[in-house]
Structures are given as C-alpha cells and as structure tokens.
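From first to last, the protein sequence lines are chains P and X. Just add 1166 to wherever you are in the first sequence, counting from 1, and you've got this note's numbering. Just add 3 to wherever you are in the second sequence, counting from 1, and you've got this note's numbering. Working notes for the structure below.
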Amino acid sequence: MEKKLNKDNQFEINESQAGCASCPVHNAANLKKLGVDMENWDFVVALAGNPNTGKSTVFNAMTGLHQHTGNWPGKTVTRAEGGFEYGENRYKLVDLPGTYSLLATSLDEEIARDFILFGQPDVTVVVVDATRLERNLNLVLQVLEITHRVVICLNLIDEAERHNITVDHRRLARDLGVPVVPTIARYDEGFEELLAAISEVAAGETQAAPYHVNYNHPKLDQAVSQLVTQIKEAFPQVPNARWVALRLLDGDERIIQAVENGELGDLTYTVADLDSPGVDTVAQKSGIRQ
Amino acid sequence: MISSYEKILKTAQDLRWEIGGDFHEKIMESLYTDASQIADRATTHPGEEPRFDLDRMIDRLVTSRIWGFPLMLLLLTGVFWLTITGANYPSGLIFTLLIEIIHPLLKGVSASIGIPWWIDGVLLDGAYLATAWVVSVMLPPMAIFFPLFTLLEDFGYLPRVAFNLDHIFRRAGAHGKQSLSMTMGFGCNAAGVISTRIIDSPRERLIAIITNNFALCNGRWPTQILIATIFIGTLVPSHLAGLISAVAVVSIALLGVLLTFVVSWALSRTVLKGEVSTFNLELPPYRPPRILRTLYTSVIDRTLVVLWRAVVFALPAGIVLWISSNLLINGVSIAEYLINFLNPFGLLLGLNGVILVAYIVAIPANEIVIPTILMLTVLVSGMTGMGEGSGVMFELESGMMTLDLLRMGGWTLLTAVNLMLFSLVHNPCSTTIYTIYKETGSVKWTTVASLMPVFMGFVITFFTAQIWRLFTG
C-alpha cells in the first residue's frame, strides 16, 4: 500500500494501487485478541481521550478483555493493559484515565500525561467524542504538542448523526495533520480502519504534520525559542522541546524535576518503562478490572 | 560551574518574569480558539435541530428539584424489589440440589468407603457446605441485581445521581465528585477508594476515602437482603413482603448516604478543614444500553468475580469454623469460649456474641457473615435435628426455617435491625483497608478509616438497643 501526500489529504491512499490486500476489511482477519498476554510486544499503544468517550470500549474490542465500561465520566482512574496482534506485530494496549487536559492538576491527569510523555508509547490513540468535538480537540491539541505519533479515533459518530451533526473526518485529518478514523465503538464499527492506521503510525509509514497552536504572543514566542535552543543543546533526543519549554515557563513541577535529574534525556521512542504508578493490583483483584 | 540542566531552569525562571503573568491564560485562550476553529471547520449541522429533545426532557425530570430524589428512591426500590422477589425461587432450587440432594449423596459415598469422620467433617460439612451455601444464597440475587444496576449505569443514570447529590456534598464541605466515588462504593469499597483519584484536593480526597465505607458494598447487600426478607418481610402480609423488605434495604442504604454526609461534614469542620473546590460535572448523553453485552459483562465481571471471592474466603472459613467448634477444651469448644466471652458485650449492643464472632471471622470478606452466624447459632443453642452436627455450616431451605432457627438462638426483631445497622457501619474488609493504605500511604489515616466506623457501629447499635428496650419494656 502506498501513501500519497497530496494537497487535499495527507493520508489518502493511492486508490489505483490499493487493491484487496490494502483494504482494511481484508486485514481485519489479522486481528488476534490476546487478552492479558502481553509478552514480547513490538509496539506500545496508549488510549487517551476525554472522559466518557468510549476508550474502555475500544480497549475491550481490541484486547478481548472485559474492562468495566459504563456511561459516566471518571470511571477509569487507573491504567488497564492488554494485548493484541495485528498483521505481523504484537501490540501492548494501555487504557489511560479520561481527562480534559494534560496540565496534570489531578492524579488522573498526571497518570495520563506522564504515560504519554515518559511512557513513550509508539502510538497514542486519542478517542474523540464526535458530538462534542470542540472540547475534545483541546485535549487533542495538547497531545499533539507532546507527540506526533497520534491517531484520532473519531468515536460516537452514530450519536452525532442522531443529533444532526456531521463531522468531516477528512477535513479534520488535514487540519490536525494526523490520521482520523471514524468509529462506532459500541457496535464494533471502524476498527479495521483504526487498526490499519495504528499499525502504519507504529511502523513509521505515516508522515505526520501535526498542528501547533499559535499563541499570538511575541514575547512568549521569543522566550520559547530561546529555551528551545538550550533544551535541544542539553537533550538532543527530545522530540518535543517546544512543549517542554512551555511547561517550564508555566512552572510545571514534574517537568522541572525531569530536567533537573536528566530524565528528559531518556525520552526516545524505544522501550517504555511500564512500571510507573497507576496500575493497581488490588483493584484488579477486587473485581473492577478485567 | 552550573550544569546545562540548571542553566535551562534558570533561563526559564528569568523568562517567566519577562513574559508577564497573563501568559498562562493566553495559552489556554489560544488553545480554545484554535480548537473551536478546527471543530467549526469540520462540523456541519444540516437541517433544523430536532424539535423534541428526549435527552433534555429526561434530564429535566431526573435532575429536577422536586422529582429528582423521589425518582431515585423509586428506581432503587424497584431494583431491590425485583431482586428480592425474583431470587426466591432459583435460590430454593439451587439449595435443594446442592444441599438436600448432593450433600447426603456425598456423605453416603464417604461413609461407604470408610473415610475418617474428621476428614469427612472438614471437607463435606465444613468446606462443601460453606461453598454450597454461598452459591445458593448469593448467586440468584446477584445475577438479578448486578445486570439491573449495570443497565442503569450503561444508560447514563449514575452521573444524574451524582448531580442530585452534588450540592449536599458541597454543603458538607466535601468535593462534589465524592458523589461519584460513593456510587462506585455501592459496588465495591476498594474500587470506590481507588476512584477517589478523580478528586484533586488531598483534603477532600481523604474525606471521600474515609467515608466510602458507608456505601453498602456487594459483600453486604446479600446480608441486608436476607435479614430484611426473613425478619421484616414477615411482619406484613405476604403480598407486601417483597416491597417492605425492599424498602427496608433502601432505608439502610440511605442511612449510609446520610452518614456519609454527616461524617464528611464533621471531618471538614474539624481535622480536615479547608476550602471547597469547584469542578465541572458532565452529564453524558443517554445511550440505549446494549442489553446482551451488559448481561454478559455484568455476569462475568461482577457476579462471578464476587461469587468467586466469597467462595475463596468461605472455604477456609468453613474449615476453621468446623475445627474450632469440634476442638474441645474441658468439654467446651473453642468457638463456644469465644462466643460466651463476647456475649455480654454483644447483648449490650442489641446484638449477641455469635454476631460479633462472625464479624471477626468475616474481616477478609463480608460475604460470609450470614453462614458463620447460622453455624454458630446451631452450636450454642445446642439444637438437634437441624444441622448434622456441630460446626456444620448450612442454610435452611425456606426463610421461615431460618427465622425459627434464629429465634431459638434468642434473636428478636431488635437483633435483626441492629445486625442490618452493624453490617452498614463497621470496619471495612481487609482488601479495602489495604487499598486505603496504598492510596493514602498513611498508617494514621488508614487506622482512622478502619476503626472509626466500628466505634460508630457500637455507638449506633448501643443507642438503638437502649431506646428500643425503653419502649418495648
């Protein structure tokens, strides 16, 4: 399958060459739900998003696990993990708590932020509620500042239809600069396309041109670029110096600490440390997990 | 010489002063503006908004000042009424099969191949009967209650409950989100304690953790349902029995909510003083529940998990109980010593020694309170013909027989009411205590959260007993 970077749509598949083999439906048979078997994974995928957008439903559909789902915000406060196999690769999927932002003002936001930043997932899937696009995009834009390896799962499009809302996912993909896949997670629709998008981003086959927020603040821009130069000097590997600079200016304790102890220098897309806080075995034993 | 790391931090600090204080707001503003522009470009609203918005109409009704609470009570009572009346028949069926048919069969086999009496006692009268009891009494109500509860949750009703309760929590000096962690506690307190992570202020989070125990959990619902059915349901004509029992259970659950408010209020005015923080509570759209999937997951995730936990703890408890009631010192069993020792204190509280021993045995799991009580009651009242020997954990087929047995053990309506109260207000189970320790990292707060409810339980049952005796002579 060949990717064509054209002016209209960065991710449009070259139709003439896309035969059966590249059709996601054809490849859906390649999905193997591995449940809690997460040995020897090739890629780590994080599931982020606002509360109550269907992250856990997506998680269950992919891993075959039965992470408790419920129609209320704030249900998942710990991280759940599971595995799946797609194509030739094995993936480890991490379901993060739902958050409105990544400013880390509460423990659940901190768990999500720390994992996307320090856990270095190969792909971050942001599950977005199509009926509340504006508010959901706040989080998307914040995630895009941290990582380029993003797939947007535009969920609940059936509900959007019910409310007479149509979301042009191609337009959204072009504006955000990352793949956007419409889904109806509750009825298992759109997963083939989602899996294909994830595997392409994981393998580095997708060229992302992520949108960056324009702050319209000359003094700030100047300060950021001055800091970015210094950060890049000290930590040449860091993929998101601009975001780090902004957080430092904002006085974010956790990021200041990461600079202080040099932890920031370890951030490369390789093996993730998955033993950071958040997984709770008591919760699993007491029956709310899996 | 300063390192390049320190240099970065120094620069950041200097620059922060230069940019001026408003830049955080500026960043947020830009973020919102850009998000709104992108969303606008991608979204179209063709045609008119639908004239009749069902979601909004339901919301107006279930969160209305007048109808919100009555509807909530009605729904809860309805769920319990369905559970209590629906569970009777399958419970009896499973009981007949496991205890009246299979147990004698196993006893017969073991006698015919000459297994020593004590092995037979430990395994068949201790372990097997304990497990069979738990399955027959707990499985049917759970298999009805959990799917119903999950359907309500899937539909989107829980955030509305939180919305209704929010302003009371605020007035109690607690965080509005505590209504969510409390709702979670109705399933499992350990889960409820973990879910307090959604509360950002440590002060309010601590209040939510300490009071979570007042939300009746899975392990305690069966006790409430059984005692309400056999003691309170039998006070009224049989066609009203299910309804009255359901009302009794709902009252206990509501008392738990009330205690949550009172204790939160007391804590926030004494040891945990501070400002109330504000937050946004999102009311998600109603979604038609996926009925089959809900049934499947609630049976697998909740019913079987809870049942498994009960069995895992009932098995060893059954063995320990059998041994302790068959090991004699000077002709009196160890269990009896303990019961006689605690009896005076128990009677003072309107309970008895048997109940107190049962609550000690049941620290790992509230699920085994009732089987332990029944077994010990047979033991101390020296009844014959009802059990097969001392230390045999069993359940009697019909509610009436259980009632007769407990009456012979000296139980009155007061004992039943106080047992329901004590089941609501006593120490959390060991899993919850461990979770509290893990979440707070503090021995002090874990101790407070564990011991405070026991003392409250003693006080509440003591006063109930005194007032009761005053009026009934």
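Glycine residues also receive a C-beta, built at the ideal position from the N, C-alpha and C atoms.
The closest CA to that of L416 (chain X), considering only X:L96, X:V381, X:A251, is found on X:A251. Residue burial annotation: R272 (chain X) is exposed, with fewer than 16 other C-beta atoms found within 10 angstroms of its C-beta.
Interface flag for T1349 (chain P) against chain X is unset, since no Cβ pair is found closer than 9 Å. Under the rule that a run must span 4 or more residues, the alpha helix (DSSP H) segments found entirely inside the segment 236 to 293 of chain X read 241 to 272. When only Cα atoms are considered, S1391 (chain P) and L151 (chain X) end up about 57 Å apart.
Membership of I22 (chain X) in the alpha helix (DSSP H) is indicated by the continuous run 7 to 22. The three-state reading of DSSP puts V1367 (chain P) in helix, counting H, G and I together. The contact set of D169 (chain X) on chain P, defined by CB atoms closer than 8 Å, is empty, because the minimum CB distance reaches about 13 Å.
At a cut-off of 9 Å, the C-beta of P144 (chain X) has no neighbouring C-beta in chain P. Secondary structure within the segment 1255 to 1283 of chain P: the beta strand (DSSP E) runs of 3 or more consecutive residues, fully enclosed, are 1255 to 1261 (chain order). The Cβ atoms of F264 (chain X) and A175 (chain X) sit closer than 9 Å to each other. Between K1385 (chain P) and chain X, the shortest Cβ-Cβ separation is below 9 Å.
Across the structure, H1378 (chain P) and E1247 (chain P) are spaced so that their CA atoms are roughly 30 Å apart. Pairing R293 (chain X) with R1352 (chain P) gives a Cβ-Cβ distance under 9 Å. Exclusion of the five residues before and after I1421 (chain P) leaves V1410, R1413, L1414 as the residues of its chain whose Cβ lies within less than 7 Å of its Cβ. In this structure L1386 (chain P) does not touch K13 (chain X) by the C-beta definition: roughly 18 Å separates them, more than the 8 Å allowed.
Spatial neighbours of G1343 (chain P) in its own chain (CB-CB distance under 8 Å, excluding positions within 5 residues in sequence) are listed in chain order as Q1176, L1310, A1374, A1375, P1376, Y1377. Separation of the CB atoms of A1296 (chain P) and A1326 (chain P) is rounded to 4 Å, and the pair is thereby assigned contact status at 8 Å. With the criterion set as a beta carbon lying under 8 Å from some beta carbon of chain P, the members of the segment 19 to 41 of chain X are R19, E21, I22, G23, F26, H27, K29, I30, S33, L34, Y35, D37, A38, S39, I41, in sequence order. With a cut-off of 8 Å on Cβ pairs, the segment 238 to 245 of chain X is not in contact with the segment 204 to 224 of chain X, counting fewer than three such pairs. Per DSSP, reduced to three states, the secondary structure at T450 (chain X) is helical.
When C-beta atoms of the segment 350 to 359 of chain X are compared with those of the segment 467 to 475 of chain X, three or more pairs fall below 8 Å, so the two segments count as touching. Contacts between I1422 (chain P) and chain X, judged by CB atoms closer than 7 Å, involve L12 in chain order. For the 9 Å CB-CB criterion, D1288 (chain P) and V1211 (chain P) form a contact. Among the CB atoms of chain X, one or more fall inside 9 Å of the CB of Y1381 (chain P).
Of all residues in the segment 1206 to 1225 of chain P, those with a C-beta nearer than 9 Å to a C-beta of chain X are N1216, P1217, N1218, reading in chain order. In this structure, I230 (chain X) sits near L422 (chain X), with a CB-CB distance shorter than 9 Å. Closest by C-alpha distance to Q1396 (chain P), out of X:T475, X:K10, X:F465, is X:K10.
Annotation: Cβ neighbours of S1272 (chain P) in chain X (cutoff 8 Å, chain order): R200, I201, I202, D203. Here N1321 (chain P) really is in contact with G1220 (chain P); their C-beta atoms are around 5 Å apart, less than 8 Å. Residues L352, G353, L354, N421, L424, F425 of the same chain have their beta carbon placed closer than 7 Å to that of T464 (chain X), with the five preceding and five following residues left out of the count.
Chain P places no beta carbon closer than 9 Å to that of S453 (chain X), leaving this residue out of the contacts.
The residues A193, in chain order, have a CB closer than 7 Å to that of T434 (chain X) in the same chain once the five nearest residues on each side in sequence are set aside. Interface flag for R59 (chain X) against chain P is unset, since no Cβ pair is found closer than 9 Å.
As the crow flies, the alpha-carbon of L101 (chain X) is around 12 Å from that of D128 (chain X).
9 Å or more divides the Cβ of R206 (chain X) from the Cβ of R200 (chain X).
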